[in-house]
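Comments concern the structure below.
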Amino acid sequence: MSGYFNPRHLKRAALLLALTLALLIPATAFAVPGSGEFIAHYTENGREMTGLYNMVAKICLAVLIIVEVVLFAAIIKFRRRSDDERPLQNHGNLVLEIGWTSAAALAQIWIGVATINVMFATEVIPDDIDMTVEAVAYQWDWQFVYPDHGGLVHGDLVVPANTNIKLEVTSRDVIHSIFVPDLGIKMDAVPGRFNYWWFRADGPVNQVRVDEFATVERPEREYVTTRPDFMQTRDDATNKTISGLEQRVTYLGRSRTVEEVSPYANYSAIEYQGTCTELCGLGHWDMYFRAVVMTPSSFRQWVFDMQNAVTEANGPDVFAARCATCHGESGQGQGEQFPSLVGAARVVEEGQKDSHIQLVLQGQGVMPAFGQILNDAEVTAVVNHERLSWGNAGGEVTDEDVARVRESLGLPPFPAGGVEPTPTPDLIAAGERIYESCVSCHGRDGQGPDYIPSLVNNSKVNGDVAALAELLIKGADSDQWPGEKSPVARSMTDFQLASLLTYLRGSFGNESDPVQPGDIERIRRDIN
Amino acid sequence: MASQNASLAADSMIGEESLGVTNGKLGMWAFLVMDAMTFAGLLAGYARLRWTPGSDWPLPIEAFGFTGIQLTALNTFILICSSVSMVHVLAEQMRGNMERAKKWMLFTIFGGLVFLGIQGFEWTHLIMDMWPYLFDEGYEAAYSVNFAATFFILTGFHGMHVSVGVIYNVIIYLGLRSGKITKDDTSVVEIAGLYWHFVDLVWILVFTFVYLI
Amino acid sequence: MASHDATSDPNEGWGWGFDFLYSQYMWVWLALLILTLVEVVIPEPEIIGLSFQFSRPFVVISLISLALVKTWMVAWYYMHLIAERPSIILIACAPFLFSLFLTIGIFPWNGG
Amino acid sequence: MEIKAKGYLSPLTEEAKTSLWVYLKEWACTTDAKRIGIMYLLFATFMAIWGGILSVIIRLELAQHGPDLIMDASFYNALPGMHATAMIFFFIIPAFTGVANFVVPIQIGAPDMAFPKLNNAAFWILPPAAILTFAGFFMNSLPEFGWTAYPPLSNSVYSPIWGADFWVIGLILVGVSSTLGAVNFLATVFNMRCKGMKLFQLPLFTWAMTVTSFLILAATPVLTSALLMLTFERMFPGVFYFFNPAGGGDPILYQHLFWFYSHPAVYIMILPGFGMVSEVIQVFSRKHIFGYVLMVWSMIAIAVLGFLVWAHHMFATGIALEIRVGFMFLTMLIAVPTGIKIFSWLATMWGGSIKFDTPMLFATAFLGMFTIGGLSGVVVAAVPVDIQLHDTYYVVAHIHYVLVAGSLMTAFAGVYFWFPKFTGRFYNELLGKVHFWLTAIFINVTFFIQHWLGMKGMPRRYYDYDPSFELANLISSVGSVVLFLAQFIFIANMIWSWRNGKVAEDNAWKDGFTLEWQITSPPDHHNFHHEPYWKPLIRQHVGPDQPGGLWHRYDD
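Same order as they appear, the protein sequences are chains A, B, C and D.
For the first sequence, position 434 (counting from the first letter as 1) is numbered 515 according to my numbering, and the numbering increases by one without interruption.
For the second sequence, position 50 (counting from the first letter as 1) is numbered 58 according to my numbering, and the numbering increases by one without interruption.
For the third sequence, position 103 (counting from the first letter as 1) is numbered 104 according to my numbering, and the numbering increases by one without interruption.
For the fourth sequence, position 399 (counting from the first letter as 1) is numbered 840 according to my numbering, and the numbering increases by one without interruption.
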């Protein structure tokens, strides 16, 4: 051994440093700060899985460090110093070999047992399922069916918070896979079978802190995650304190542009990104959807809104979302599989109208059937768009044509189920509960002390709904009511306010018309 | 040439370091392992398709009817006879009775051909009479279409093996007749025999699973 | 012991003589035929005039075991595994083992 | 033109000495395992460049958010599958087969393989298979279902294209080629060992090839049967519905059959590498392998267990909980024999006299980096974690740490190690070291960040992605381009050194102890001039003052 400052040694040290950089830095990043971690934080099950990952990763990291340290020690200590060196031979060491075999086996059994605990905790579907959602995949989008809510069909997964949700996942054509990373949802959608997954999402964590009206103190949730990320992708949903939509999705692929104002901005909700993870053809990368978790009351409101919604079908939009992936943005088609629509006989000939509609409804070969994806108005709009764009002049079809073809093919109407207003007794029951917080002033019978206006036969209560709602939403400081009328309805959902008003207008001898949540939504829109 | 030297050397090197068989025999066994796994894949697929709940699978006994099973039992009998005659080819060759060996070989080939003929008849009958939906969209399948599909792929793949085996045996027969295969070349006949017996062995399994169970 | 040794003297090399072998082949043949007949009768006893039906589990289990016995007989006697070293027997058993893994893994337990 | 070459490279006939054409014909029709091995390696190199180009196109497209390089999503969708097919079936497996063709017969002291003509046939099945597999590129009908080809996406309804049929048939042909090769290896190893070489005296590379051949033999036909069923379903729609639920078929069945092959295929792709690394580490550490018997048994255990774990690729398909528990435990068990191997290599190096030439550098880096791939395998073995990571970039990172940091690096170690034997000349050490450092560093740059992408939820096989993943994808893309370009250093080194390298002695590394180092470099046509014999090595524990195989300590 010559001196330590031999330039050859320096060169070797530099090489070793390079080796260290090449191997050890990414290696240690494997499971320590900087590697990133699961983002499945916003369901109970997701946190269990994240915890399991952290545990397994730590064991693996320990093994990795041992291996790398021994490797580097061997590299440094036993490199050849002279050409005639002859090391001592040994051909094995029984104790050592048995030792590491059993150590490896023990570590694996440890990991295995921990994993099984998590599996049974997260994957066995509990008996107390509160709600079922069917997730139906098709090329290339998702459809979520709500059998508990009159067969409501929607393009986003919208669920109430703190509710046990069972997902029934299936597919109409090829294998897809539903994936919502933040909620820890992943299940293959296999045609011909239902796969099940369940979850209980946290929902908007700070829903009670409405501006200055913070009334209930809730402890901050302890998250299993502690490791900082070296690169942040999205904002952490736990850090937000605003009301309304806490976190919104900023990217939804090409076929869905993210609106300036999210369609869920009116609800107390939180949005996550959902995707497809099983290669399913051309638009595989373009199957984004929103997973929206709402407070239960917002969810009721949303269901009501959806049931009363009238969608206006916009041909170009439907075409861009459903057809452009294959047929091209201007109908030019792609190769032999996806024919051009420009000048195609079916699209331009007057006599082929029905066959055009039939093709859209039933599909053919690679083309999916849209009969259970688009409603009649949308089919009409998209067919007319195809027949009248890009130089085509095929003559228009009407909703009646579509309905007639649908019936002649024996296809069920879409969407299934009807649009029902919320029954008045439900509203009164809900309103009565909400009125409990008004009792201290207005009294149980609507007649409080002298300085509080009576609600019985009150002209405001029985008069214009819009004015009444505005009063409750904005509050008032007027001559008639000195002092301040609290803006009690500011933090209420449409459903809550509608039920409160219905209760007021139907009790204490009042006999005015009930108020539907949809009315409140319109009033709110007018106010803002 | 290298190959000649290599094969000569290979034959001379059989000793305590080898498995005690010729390269050819070992190679044939390895090939049969591979072939067996191909059939295993098909049979395992058959098992899954058949026993998946709600598969609407008919009982083969009823679906094929009496004639199907009995005809196929006869076919099985023919294949087993053909197999035992193959054993006799080898036995006679080892005794040096080349004329008898040739006769047995002919019988073996004949057995294979009869098997193929009966199977061809059966297929025609099934396609034309039992499962008209295969080629005519006007008909509906009475039970799971996979019943016919797995039947065709299993018996068809086996039938392909029988055909290859018949050709193989014909080549051996021509070798015996022309005298290129002498009484010393037992390993050539033995290897052909291995293949032929394997075809028989697989048929026993296919017959059991597809027709009987 | 192995076949190539038999080239010098046809009556040696198999270990037990040809007459015995000859008869053994035929006994195996007979056994195979009888087992085939039994196999045909088990699912459909009416063939020989029996009026009862065997229970389904019995049919399945007995047919599979009979088929395995038959394949074993073909492999053991006709394919001369009886005369081979254990290593060849091991090679021959390998696909059986692996296809067992495959079938068990693929079988639709719990409805697939 | 006169052909001047030594050893097995020299022309066999007088005619071929003067005519390049005849010489090439001689190569094409050769039955010499060494020449076939070299042809395998050349073929594998071409396919590696081809697969590399595909991967670089993929990475360039993903470098930035939004479509930029490829405007056509359908072309992009075909690329990952084509890349995987090229790399797995036409690069890694043939490359290992090539090295083994050259080395295995010599290591066991045989003049050639057991079936030389079959060997040639097995090789010549590959080029037409490659043409069929990639025929879609010439016909503008690329199969867009990835290398897994899950039906129903791959059936005639959703992929009604000829390219897909050719792809399936091409894969069946590759399967036939590799099974024929495996039959050959098994017969060679079991039957053609030289005097004195018992099974448990075999060099570890030969052992690895034996176990690999067994895996190929038992696993590949199952893929063939699945592809046969798929072909029939594609050819006769309306009659065959094996995998199509529209006719009572079961898409999951295909996945079972496919993974029954494709999981053992992972070991087919890594076990020969294990063998090569074992040889390299022994020679460059001047020490015999630590725990030879356990090394062999752990390889056998990996092979057998490898058949029992296939469903861990399907945890998210909805198979029953109990079945998943079973498959998970077996999967985790595989980490035990793999761990044994890693520790045994470390113990072999420990106390040795290690010389860091390029092969040893690759072997060492393999040890360090393959461990990452192995351990991320343990992470994804845990079912709930796997379900979340399934089909995300984490899995991409995992397989590339196993296949690039594993198979590719070991293949480099092997080729550098045996290059003096292949050609009779040394490669250029400086170029080799540059190649090593660029490769080792940029493998990490390319693939490490993909773990993170996967955990953040970026799915695989995406034509375009959430803009928030852009930076990480850019890093990965830059890494992949440099990694790809660095491989041309290797090719240049090989070509240059073949003619101009330093002439190598018979025992090029001086410490080689297996039979290939006892004959000329390059070997003659029949390898051995005299019938070789193998003096049994001492495999038991050796005390400090006892003689120990070839390298006992002189005096200290």
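Using N, Cα and C, we set each Cβ at its ideal position, and we do this for glycine too.
Asked                                                                                                                  : Found
Partners in chain D for F39/B, counting only beta-carbon separations shorter than 9 Å                                  : T620, L621, V624 and L658
Length of the line joining the Cα atoms of L33/C and W211/B                                                            : 13 Å
Contact list for the region 89 to 106 of chain C against chain D, Cβ threshold 7 Å                                     : A95, P96, F99, F102, L103 and G106
Endpoints, beta strand (DSSP E) assigned at S258/A                                                                     : H257 to V261
Interface flag, P825/D vs chain B, CB-CB below 8 Å                                                                     : no
Where I499/D falls: helix, strand or coil (DSSP)                                                                       : helix
Which listed residue (F531/D, A776/D and Y904/D) has its alpha carbon closest to that of S619/D                        : F531/D
Three-way DSSP call (helix, strand, coil) for R290/A in this model                                                     : In this prediction, R290/A scores a pLDDT of 40, lower than 50, which makes its location untrustworthy; the coordinate-derived value is nonetheless stated afterwards. The answer is coil: DSSP assigns R290/A none of H, G, I, E or B.
C-alpha gap between G104/B and Y181/B, whole angstroms                                                                 : 15 Å
Contact under 8 Å by Cβ, I192/A with V819/D                                                                            : yes
Per DSSP, the bridge partner or partners of A270/A                                                                     : H257/A
Proximal residues to M74/C (C-beta, below 7 Å), its chain only, five neighbours per side dropped                       : V29, A32 and L33
Reference W110/C, options T60/B, M102/B, V95/B and Q127/B, closest by Cα                                               : T60/B
Neighbourhood of Y54/B by C-beta, 6 Å cutoff - its chain only, sequence neighbours within 5 removed                    : T158
Euclidean distance between Cα positions of I88/B and H205/B                                                            : 9 Å
Residues of its chain near F39/B, where Cβ-Cβ distance is below 6 Å and the 5 sequence neighbours each way are ignored : none
Close beta carbons around V845/D, own chain, < 6 Å, minus the five adjacent residues each side                         : I884
Delimiting residues of the beta strand (DSSP E) encompassing P241/A                                                    : L238 to P241
Per-residue burial, S518/A [other beta carbons within 10 Å of its own, 16 or more giving buried]                       : exposed
Cutoff 8 Å: F756/D Cβ touching any chain C Cβ                                                                          : no
Below-8 Å beta-carbon distance, A76/C vs any chain B residue                                                           : yes
Terminal residues of the beta strand (DSSP E) in which W279/A lies                                                     : N276 to F280
Beta-carbon neighbours of Q418/A, restricted to chain D and to distances below 9 Å                                     : S515, S582, S600, P601 and I602
Within 8 Å, strictly: CB atoms of F99/C and A659/D                                                                     : yes
For T251/A, the first and last residue of its enclosing beta strand (DSSP E)                                           : I246 to S252
Rounded C-alpha distance that separates L363/A from A405/A                                                             : 11 Å
Any chain D beta carbon closer than 8 Å to I246/A                                                                      : no
Test: I775/D CB closer than 8 Å to a CB of chain C                                                                     : no
Three or more C-beta pairs below 8 Å linking the region 602 to 609 of chain D and the region 635 to 643 of chain D     : no
For M638/D, the first and last residue of its enclosing alpha helix (DSSP H)                                           : Note, M638/D: premise wrong, no alpha helix (DSSP H); not H, not E.
A579/A versus D507/A, E592/A, L536/A and H523/A, residue with shortest Cα-Cα distance                                  : D507/A
Inter-residue Cα distance where the pair is P66/B and L38/C                                                            : 23 Å
L694/D at chain B interface by Cβ criterion, 8 Å                                                                       : yes
Whole runs of the alpha helix (DSSP H) within the region 109 to 177 of chain A, excluding any shorter than 4 residues  : 125 to 158
CB of F370/A within 8 Å of CB of G452/A, strictly                                                                      : no
Beta carbon of A202/A nearer than 8 Å to that of E249/A                                                                : no
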